[in-house]
Amino acid sequence: MSLTVVIPTWNSAASITRVLRALRPQLLPHDAVVVVDDGSTDATPALVPQEQLLFGERLHLYRQPHRGAAAARNRGMAAA
Numbered sequence: 078m079s080l081t082v083v084i085p086t087w088n089s090a091a092s093i094t095r096v097l098r099a100l101r102p103q104l105l106p107h108d109a110v111v112v113v114d115d116g117s118t119d120a121t122p123a124l125v126p127q128e129q130l131l132f133g134e135r136l137h138l139y140r141q142p143h144r145g146a147a148a149a150r151n152r153g154m155a156a157a
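Quick note: to get the numbering used here, add 77 to the position in the sequence shown (first position is 1).
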């Protein structure tokens, strides 16, 4: 069994790195993380790929124009 964590985000540069690093020790080897950037205008889209070194292929970033949290969650669920 595996788990996919979906994280919708918008302008979360101040916290996204902390969130991902807190989540990583809780994941099992086959678990994945899907981050959906909902049109951020800050550094959020640049910070998520930097965490790829810790997560490897288990971390996926999707970007979309700003459409709100529900749209970002739905995109993440579709990707999962």
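Positions of the beta carbon are idealized from the N, C-alpha and C atoms, including for glycine. Being a predicted model, the structure only gives us computed values, none of them experimental.
Between the Cα of Ala99 and those of Ala155, Ala157, Val82, spot the shortest distance and give me the residue it belongs to. Taking the first residue of the sequence shown as 1, we reach residue 99 at position 22. Ranked by Cα distance from Ala99, the options Ala155, Ala157, Val82 are led by Val82.
Identify every residue that forms a DSSP beta bridge with Gln141. Within the sequence shown, numbered from 1, the residue matching residue 141 stands at position 64. Gln141 pairs with Asp115.
What do you get for Gly153, buried or exposed, if any count of 16 or more other CB atoms within 10 angstroms of its CB means buried? Locating residue 153 in the sequence shown gives position 76, where the first residue counts as 1. With 16 or more Cβ atoms within 10 Å of its Cβ, Gly153 is classed as buried.
Contacting residues, own chain, Cβ-Cβ under 6 angstroms from Ala149 (five flanking each side not counted): Within the sequence shown, residue 149 is the residue found at index 72, counting from 1. So the list reads Pro85, Val113, Asp115, once near-sequence residues are dropped.
Along the chain, where does the alpha helix (DSSP H) that runs through Pro126 open and close? In the sequence shown, residue 126 corresponds to position 49, counting from 1. Judged by DSSP secondary structure, Pro126 falls within the alpha helix (DSSP H) whose first and last residues are 121–127.
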